[in-house]
Amino acid sequence: MTIHTKQYRNNHYVDSSHYLSEEKRMSVQSTWNMKKSLAVILVAAPLVLAGCGGGGGGSTSTPSPSPATSAVAAQSYTMSDLVVPDGFDYSSVEQFDLDIDISSISTARSFVTVYSRFSARDDSTLKPDYSSKVIAGSLNNGVFASNFTAPVNHDSLLVEIWFYDGQPPLQQVVSSSDSQIVW
1 MTIHTKQYRN NHYVDSSHYL SEEKRMSVQS TWNMKKSLAV ILVAAPLVLA GCGGGGGGST
61 STPSPSPATS AVAAQSYTMS DLVVPDGFDY SSVEQFDLDI DISSISTARS FVTVYSRFSA
121 RDDSTLKPDY SSKVIAGSLN NGVFASNFTA PVNHDSLLVE IWFYDGQPPL QQVVSSSDSQ
181 IVW
């Protein structure tokens with residue numbers, strides 16, 4: 001082996017070991033950085049998710065329940081634990097009887113519709129929510145009689161009578177607590 005070759009090997013070996021050492025240091029540093037990043041993500045994720053709570057507008061956030069509260073909430077109940085007052089009605093609809101007689105006002109062709117939801121317009125007339133129609137039918141000589149069911153979650157119902165001659169409808173708001181509606 002020549003001196004030149006020996007020198008080359010010594011230099012190459014030193015350079016190779018230097019590069020291997022540098023590569024190992026970079027690998028350790030990279031692993032450390034990944035561990036730090038993962039730790040930050042794991043710590044921050046619950047905080048971010050807690051801040052993304054449900055809909056609705058207010059600026060306050062609901063704190064997560066403490067372990068003591070969670071233990072109480074985790075208690076299981078059975079149907080035998082349920083207490084219901086006598087006479088409680090589980091039905092979400094109510095039965096109504098509708099009797100209309102406007103023969104003293106008009107016997108012209110007319111049509112009645114009852115709505116469970118409506119709103120007030122600026123001109124004091126009422127605007128029905130057409131998707132909430134619970135019954136509709138023709139009046140015969142100004143008279144209409146029928147029964148129907150409607151949701152009990154509304155305080156009142158809107159009864160509208162339309163005439164075919166183009167005049168504005170007759171409107172009447174009735175209490176949904178009255179099962180007998182008479183006009």
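Residue numbers 1 to 183, in my numbering, belong to the letters of the sequence shown in order.
All residues carry an ideal CB built from backbone N, CA and C; glycine is no exception.
Let's test the definition: count the other Cβ atoms within 10 Å of the Cβ of residue i and tell me whether it reaches 16, buried, or not, exposed.
i, result
"L98", "buried"
"L42", "exposed"
"L157", "buried"
"S103", "exposed"
"Y115", "buried"
"L139", "buried"
"S110", "buried"
"V112", "buried"
Per DSSP, which one or two residues make a beta bridge with residue i?
i, result
"W162", "F111"
"K133", "Y115"
"S201", "Outside the displayed span of the chain (1 to 183) sits residue 201, for which this structure offers no information."
"I181", "L98"
"K127", "S119"
"L42", "Note: L42 sits in no beta bridge, so no partner."
"S138", "F111"
Could you give the first and the last residue of the continuous beta strand (DSSP E) run that contains residue i?
i, result
"Q167", "That residue, Q167, is in no beta strand (DSSP E); it is neither H nor E in DSSP."
"V143", "V143 to P151"
Since I believe residue j is in contact with residue i (beta carbons under 8 angstroms), could you give me their beta-carbon distance rounded to a whole number of angstroms?
i, j, result
"F163", "S106", "7 angstroms"
"F96", "I181", "6 angstroms"
"F144", "P128", "That belief does not hold up - the Cβ atoms of F144 and P128 are roughly 17 angstroms apart, past 8 angstroms."
"S176", "A136", "Actually they are not in contact, since the Cβ atoms of S176 and A136 sit about 17 angstroms apart, beyond 8 angstroms."
"T125", "Q167", "Contact flag wrong, Cβ pair sits at about 13 angstroms."
"F201", "V134", "Within the shown structure, residues of the chain are numbered from 1 to 183, placing residue 201 beyond reach of any answer."
"A120", "D165", "No, A120 and D165 are not in contact; Cβ-Cβ is about 25 angstroms, not under 8 angstroms."
"S92", "V152", "6 angstroms"
"S146", "E94", "Not a contact, Cβ separation roughly 15 angstroms."
Given 6 angstroms as the limit, tell me if residue i has its C-beta closer than that to any heavy atom belonging to the ligand ATP.
i, result
"D178", "The ligand ATP is absent from the structure shown, which contains no ligands of any kind."
I want to see whether chain B comes within less than 7 angstroms of residue i, judged by CB atoms only; does it?
i, result
"I105", "Here chain B cannot be found, since the structure has a single protein chain."
Could you pull out every unbroken beta strand (DSSP E) segment of at least 3 residues lying fully inside the stretch 83-114, listed in chain order? 93-101
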